[in-house]
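Participant: Dropping a structure here in structure tokens format, bear with me for questions.
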Amino acid sequence: MVIKKEILFLGLCLVILFSLQIAIAEQNSKIDEQLSKQLDTQEKVKVIISVEENNNQNKGFFKIFSQGNQDSRENIINEIGKDKVEHKFSSSNSFSAELTKQEIENLANENSVKKIYYNSPVHAFLQDSVGIINATLTWPLQANGINLTGAGQTICIIDSGVNYSHADLGGCYGNNSANSTCKILGGYDYVNSDSNPMDDFGHGTHIAGITSANGTIKGVAPDSKIIAIKGLNSAGNGNSGDIIAGIDWCIDNSSIFNISVISLSLGTSTLNTTYCNDDSFAPSINSAVSKNISVVVSTGNAGNWSALPSPACVQNATRVGATDKSDAIASYSNRNNLTKLFAPGSDINSTRFNSNACPVGCSCSGNYMICSGTSMAAPHVAGAIAIINQLLKSGGNTKTPLEIETILNQTGKPILDSTSGLTFSRINLYSAILYYMTPSVYLISPLDNLLTNQNQSFFCNASSNITFKNVTFYLWNSTGDLINSNSTNISGYLNNTNVSYNFGYDGTFKWNCLFFNNASSSSYALSNFSIRYDSTKPSLNIISPINNSWYNAGRFNISLNENGSCLYSLDLGKNNVTMNSSDNLTFYNTNSSLLQNETFNLTYYCNDSAGNLNSSDSIIFNIDLTQPLINLISPLNGDSSLTGTSTVSFSFNVSDNLNISRCNLIIDGVSSTNSSAINASTNIISASVVAGTHIWNITCTDEAGNTGNSSSRSLVINSPAVVVSSGGGGGGGGGSTDNFMTYSLTKEQTSIGQIKELKKLDKIKFEIFDIKSEQHILTLNSIGENFANITIQSTPINIILGIGQSAKFNLTSPDFYDLYVKLENISKTKANITIQTIHDPIIKQIVIQEQNKTLEQNITNEQKIEQPQVISKKEISIILITIILLASIIVFYFLKTKQKQEKIKQEIKRLEKLQKEKARR
Amino acid sequence: MKKRQFNVLYIIFTILIVLIISFLFIYFNQQTKNEESKNICQTNSDCVKVQTTCCPCNMGGKEICATKNEAKEYQKKLENCSTTDLICPAMYGCTIQDCKCSNGICGEINY
Chain R
2 MVIKKEILFL GLCLVILFSL QIAIAEQNSK IDEQLSKQLD TQEKVKVIIS VEENNNQNKG
62 FFKIFSQGNQ DSRENIINEI GKDKVEHKFS SSNSFSAELT KQEIENLANE NSVKKIYYNS
122 PVHAFLQDSV GIINATLTWP LQANGINLTG AGQTICIIDS GVNYSHADLG GCYGNNSANS
182 TCKILGGYDY VNSDSNPMDD FGHGTHIAGI TSANGTIKGV APDSKIIAIK GLNSAGNGNS
242 GDIIAGIDWC IDNSSIFNIS VISLSLGTST LNTTYCNDDS FAPSINSAVS KNISVVVSTG
302 NAGNWSALPS PACVQNATRV GATDKSDAIA SYSNRNNLTK LFAPGSDINS TRFNSNACPV
362 GCSCSGNYMI CSGTSMAAPH VAGAIAIINQ LLKSGGNTKT PLEIETILNQ TGKPILDSTS
422 GLTFSRINLY SAILYYMTPS VYLISPLDNL LTNQNQSFFC NASSNITFKN VTFYLWNSTG
482 DLINSNSTNI SGYLNNTNVS YNFGYDGTFK WNCLFFNNAS SSSYALSNFS IRYDSTKPSL
542 NIISPINNSW YNAGRFNISL NENGSCLYSL DLGKNNVTMN SSDNLTFYNT NSSLLQNETF
602 NLTYYCNDSA GNLNSSDSII FNIDLTQPLI NLISPLNGDS SLTGTSTVSF SFNVSDNLNI
662 SRCNLIIDGV SSTNSSAINA STNIISASVV AGTHIWNITC TDEAGNTGNS SSRSLVINSP
722 AVVVSSGGGG GGGGGSTDNF MTYSLTKEQT SIGQIKELKK LDKIKFEIFD IKSEQHILTL
782 NSIGENFANI TIQSTPINII LGIGQSAKFN LTSPDFYDLY VKLENISKTK ANITIQTIHD
842 PIIKQIVIQE QNKTLEQNIT NEQKIEQPQV ISKKEISIIL ITIILLASII VFYFLKTKQK
902 QEKIKQEIKR LEKLQKEKAR R
Chain G
1274 MKKRQFNVLY IIFTILIVLI ISFLFIYFNQ QTKNEESKNI CQTNSDCVKV QTTCCPCNMG
1334 GKEICATKNE AKEYQKKLEN CSTTDLICPA MYGCTIQDCK CSNGICGEIN Y
């Protein structure tokens, strides 16, 4: 009995000892690892204390005991002090508080305390990030009556597996049955080579929650399904072979599970600045993309802004970088110009794989944890693509991964990365969905700004990713009042609509088509088309011909009050000619092939630009080609009876078969005076004529427009200002006895130009506007049949001019011509000469430069000749030295060789001697 | 007599047990002390950041503050990690800004 007692005592000692050990161990295990670290550096730490559930103890013997501790949480709270408690959680038997290290250690000794966690600072929740990309706005939208929540779409998550027992992830595993109601339809574990891809690291479960969670938290596509491929082990790493096998699994089973997107939140540690299409991942990714499966890959977290890891660098991958909740590029996110999409990646709250384990870097609480990285950004995009595919497929449409990526990029929020200077796009799912949901509408005809007929057909077409419901044609007048709307129920994804409308009045109208699809999304064409209805005929204004009038050709001229086109028709349509116009308002044509005395019946036909036709009344006109005949009466040809400026009466008579409409007096080629009072008898036109010799004639025009010319006559009006001097023939032996005249011209007269009739040896004295006021003399030396020999004196210049020829002289300056002389004509022994002062600059030829150039060329040529001589001397010297050196080397070598040969010979001789001696011995 | 004998036996047995337990306690305590002595730091410069997993902390891995001796041991272990074909999750977990020595233990200064 005593022995028993002793044994019992010893046993008790042992139990106490072991209990102590266990208690110490338990105390340590109750304190979360992360909390332990915090306790090393901080005096006070925020903690979450999890207390044992009372329900678990309410059984059998412990029932009585537990009743005494019915609210163990409250007891503990009382123990530590209520003022230290921050929150009491209703979902679990736990509370949060800020405690000292000693208080925490004391709590860890409490039996009722289950675990003490570090209360990590929390910045964002999945709900925030889902809201940031406006996924929450897309969920109420419907396609074919189903909300856009990713229903019917499956996302393949290749990661560390997924904890399918998590309530927010369906709580069950479909075991690779496509018909399963579980969210996690199936998958494969390449780490353990089985079909149970349970997560033992935590990363994959977090990713799955971001894409598809549907419970306490909601992912981007809460009704999407998941295929879980485990390629990362419990330590969180893996190899490319398992990941590639995972991609292939997803491709091979894509049609079974309707997989439209693969999410890869992983990568290597080596970075590439360009596409890595030779990478081992590339073939699988390309294969997936070729089947319109988007492969969404995170860009990694090295904070590099020029390079990406594999497989993000594979060209066909949809690369995703991370932003924070304030839409700034996350500093850790890799990105470069190949990165098109960004999504929230910092402090993302999502599903936790194990309530007793928390991955490094994450803050865990209950069944959720907050983690950061581009890992978290990629599944946001994967979820978004699942919803886009749901919408597209509901309309029987498919877009390539690149097209979807482009739209996500274009509809996203631009974010400037100040580090790289690049602007990236943070996805906005709602904008992308609206882009895809909105019908594309095009107005076909009548074209913008076109005139239309009364009964007009309007054509518009549209396409949509959602089946169409109806289309409404709208027509507004110029004041914006709706004058017609016509709705028609339609179906399908493409529609061509044709609506007819009868215009009741002229005016400008606008039209458009409004298409509605079954997602209640509607769209007009980008802008209204404007049209003009015009039923009014153009008004004609006939300018020519006038009814019952005479013309010497067909002169057709008409104008319209609006743009249009015209033709004239002769003799009731026998000859229809389209008329010319430069402005589509005035039209003209001339027909010179009409014959004498013909009478024509003309009608004009004109259309306005709307096609309204108007025609003129019949117009009769006649053709006369006969010119009036004119006979001059006085003054007689060569009359010189008048002196000084005089009023001269020019008399003539004219005859024609038609009335004469007007006659003109032409003096020296200039129409001087005209007269409309013309009769068949003598007509007189008076004109004032200045002194000089003049040529005159008369022209008359009849009412058909035919003009007749009279013969020309000369008229000499003597000038009272003429200075007559006797001419001498130059002295000496028998000079000429002919008298000559000298005309003196003032500077003003010379400047406006004067025509003078000179006979041989006549002179013109004239002055030019120069400083010297030097007087110059032009002398007509001789007159030939068709030339005149003229001398300009001051600095004597002698020239010969033919009829019509002219010459310029520089009498006062070498820089410009100051005198112009022209021989107008020659009549018998007199020459009509024009003399006028001018100021034309003289263009000098660059003779000096040419000379210099030649000189330079000569010098250059000489240098070219000399240079080879200098070089050749140098070269010769170098060549000679080289030859001497080479020769010396050769001689030296030769002598050396000879010396060697002699030595060898001597040695051979010595050996021979020795051999001989040996032989003798 | 029997009681005395029993008492002697009892005392001897108890002493024996106590000795064994003490010996074991001292032995294991000494071993722990030996282990710990390796991990004891004197100054902040004794402490360094060291990667303890194949993947770096910016790609799903873990880093801690440890003495240089400990760091060498971790680095040795990491030699077994694949350098050419290592795939890591793109989860960012770098929280240590610096390491400091506190009461002989290397602690973390977090961001």
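Listed in order, the protein sequences are those of chains R and G.
The numbers in this note's numbering rise by one with no breaks, and the one at position 81 of the first sequence is 82.
The numbers in this note's numbering rise by one with no breaks, and the one at position 69 of the second sequence is 1342.
Virtual Cβ for every residue (Gly too), placed ideally from N, Cα, C.
Quick caveat, the model's predicted, so the values are computed rather than measured.
1. From what residue to what residue does the beta strand (DSSP E) around R:TRP250 run?
2. Going by DSSP in three states, R:THR412 sits in which element: helix, strand or coil?
3. Any contact between the region 189 to 208 of chain R and the region 150 to 164 of chain R? By contact I mean 3 or more CB pairs, one from each, below 8 Å.
4. Is the beta carbon of R:LEU476 closer than 7 Å to that of R:ILE484?
5. With H, G and I counted as helix, E and B as strand and the rest as coil, what does DSSP make of R:LEU896?
6. Across which residues does DSSP place R:SER364 in a beta bridge pair?
7. By the criterion of Cβ-Cβ separation under 7 Å, what are the contact partners of R:CYS372 in chain G?
8. Note down, one range per segment and in chain order, each alpha helix (DSSP H) of at least 4 residues found wholly within the region 1320 to 1375 of chain G.
9. Run down chain R in chain order and give the residues with a C-beta less than 9 Å from the C-beta of G:ASN1355.
10. For R:LEU781, which residues in the same chain have their Cβ closer than 8 Å to its Cβ, ignoring the five residues on either side in sequence?
11. Can you pull the chain G neighbours of R:GLN495, defined as C-beta to C-beta under 8 Å?
12. Under 8 Å by Cβ, that's how I've got R:ILE843 and R:PHE810 pegged, so tell me the actual separation to the nearest angstrom.
13. Could you please give me the residues that DSSP links to R:GLY645 through a beta bridge?
14. Nearest to R:LEU108 by alpha carbon, out of R:THR182, R:TYR174, R:ASP33, R:ALA168?
15. So the candidates are G:CYS1367, G:TYR1365, G:THR1326, G:LYS1335; which of them puts its Cα closest to the Cα of G:SER1355?
16. How about R:VAL321 and R:SER299: do their beta carbons lie closer than 7 Å?
17. Under three-state DSSP, which class holds R:LEU41?
18. Determine which residues of the region 185 to 218 of chain R have a Cβ less than 7 Å from any Cβ of chain G, and write them out in chain order.
19. In the DSSP assignment, find the unbroken beta strand (DSSP E) run with R:THR591 in it and report its ends.
20. Should R:VAL361 be flagged as near chain G, meaning a C-beta pair shorter than 7 Å?
21. Can you give me the C-alpha to C-alpha distance between R:CYS314 and G:CYS1361, rounded to a whole angstrom?
22. Cβ closer than 8 Å: which chain G residues qualify as neighbours of R:GLY268?
23. First and last residue of the alpha helix (DSSP H) that includes R:SER426?
24. Could you run through the region 1370 to 1381 of chain G and flag, in chain order, every residue whose CB is less than 7 Å away from some CB of chain R?
25. Here's a check: name, in chain order, each residue in its chain whose Cβ is nearer than 6 Å to the Cβ of R:SER662, leaving out the five neighbours to either side.
26. Measure the CB-CB distance between R:PRO310 and R:GLY374 and report whether it falls below 7 Å.
27. Does the beta carbon of R:LEU333 sit closer than 7 Å to a beta carbon anywhere in chain G?
28. Using three-state DSSP, classify R:LEU444 as helix, strand or coil.
29. Is the beta carbon of R:ASN564 less than 7 Å from the beta carbon of R:MET580?
30. Go through the region 283 to 314 of chain R residue by residue and report every complete run of the alpha helix (DSSP H) that reaches 4 residues or more, in order.
31. How would you call R:SER74, buried or exposed, if buried means at least 16 neighbouring beta carbons within 10 angstroms?
32. Counting only beta-carbon atoms, is R:ASP418 nearer than 7 Å to chain G?
33. Please report the straight-line C-alpha distance between R:GLY670 and R:ASP572, rounded to a whole angstrom.
34. For G:ILE1284, decide whether its Cβ has a neighbour in chain R, counting only Cβ atoms nearer than 7 Å.
35. When burial is assigned at 16 or more other CB atoms within 10 Å of the CB, is R:GLN455 buried or exposed?
36. Could you tell me which of R:ILE668, R:ASN680, R:SER712 sits nearest to R:VAL691, measuring between CA atoms?
Facilitator: Well, looking at it:
1. Following the DSSP letters along the chain, one finds R:TRP250 in no beta strand (DSSP E) but inside the alpha helix (DSSP H) bounded by residues 241 to 253.
2. In the structure shown, R:THR412 adopts helical secondary structure according to DSSP, grouped into three states.
3. Counting Cβ pairs under 8 Å, three or more are found: they touch.
4. The answer is yes: Cβ separation under 7 Å.
5. Here R:LEU896 sits in helix by DSSP.
6. Partner residues in the beta bridge of R:SER364, as assigned by DSSP, are R:ILE371.
7. Ordered by position in chain G, the residues that pass the 7 Å Cβ test against R:CYS372 are MET1364.
8. For the region 1320 to 1375 of chain G, whole alpha helix (DSSP H) runs of length 4 or above, ordered along the chain, are 1341 to 1351.
9. Residue 1355 of chain G is actually Ser in this sequence, not Asn. Under the 9 Å cutoff, chain R gives ASN238, ASN240.
10. Same-chain partners within the cutoff: LEU759, LYS760, LYS761, LEU762, ASP763, LYS764, ALA789, ASN790, ILE791, ALA832, ILE834.
11. Per the sequence shown, residue 495 of chain R should be read as Leu rather than Gln. Here the premise fails: no neighbours, minimum Cβ distance about 42 Å.
12. Between the beta-carbon of R:ILE843 and that of R:PHE810 there is about 11 Å, and that puts the pair past the 8 Å contact cut.
13. Beta-bridge pairing links R:GLY645 to no other residue.
14. Of the candidates R:THR182, R:TYR174, R:ASP33, R:ALA168, the one whose C-alpha sits nearest the C-alpha of R:LEU108 is R:ASP33.
15. G:SER1355 has its Cα closest to that of G:THR1326, out of G:CYS1367, G:TYR1365, G:THR1326, G:LYS1335.
16. Yes.
17. The amino acid at residue 41 of chain R is misidentified as Leu; the sequence shows Asp. In this structure, R:ASP41 counts as helix in the three-state DSSP scheme.
18. Contacts with chain G (Cβ-Cβ distance below 7 Å) from the region 185 to 218 of chain R involve HIS204, listed in chain order.
19. Unbroken beta strand (DSSP E) run through R:THR591: 587 to 592.
20. Closer than 7 Å to some Cβ of chain G, the Cβ of R:VAL361 qualifies, so yes.
21. The straight-line gap from Cα to Cα measures roughly 15 Å.
22. Simply MET1332, ILE1360, CYS1361, ALA1363.
23. The continuous stretches of alpha helix (DSSP H) do not include R:SER426, which lies in the beta strand (DSSP E) extending over residues 424 to 427.
24. The residues in question are SER1375, ILE1378, GLY1380, GLU1381.
25. Correct list, in chain order: THR702, GLU704.
26. Using a Cβ distance threshold of 7 Å, R:PRO310 and R:GLY374 do not count as a contacting pair.
27. A small fix is needed here, since residue 333 of chain R is Tyr in this sequence, not Leu. In terms of beta-carbon proximity, R:TYR333 lines the interface with chain G, with at least one pair separated by less than 7 Å.
28. Three-state DSSP puts R:LEU444 in a strand.
29. Contact check for R:ASN564 against R:MET580 fails: the beta carbons are separated by 7 Å or more.
30. Listed in chain order, the alpha helix (DSSP H) runs fully inside the region 283 to 314 of chain R are 283 to 291, counting runs of at least 4 residues.
31. Note that residue 74 of chain R corresponds to Arg in the displayed sequence, not to Ser. The residue is buried, with at least 16 neighbouring Cβ atoms inside 10 Å.
32. Closer than 7 Å to the CB of R:ASP418 there is not a single CB belonging to chain G.
33. Here the alpha carbon of R:GLY670 sits roughly 42 Å from the alpha carbon of R:ASP572.
34. No Cβ of chain R is located within less than 7 Å of the beta carbon of G:ILE1284.
35. Looking at its Cβ environment, which holds fewer than 16 other Cβ atoms inside 10 Å, R:GLN455 is exposed.
36. Ranking R:ILE668, R:ASN680, R:SER712 by Cα distance to R:VAL691 puts R:ILE668 first.
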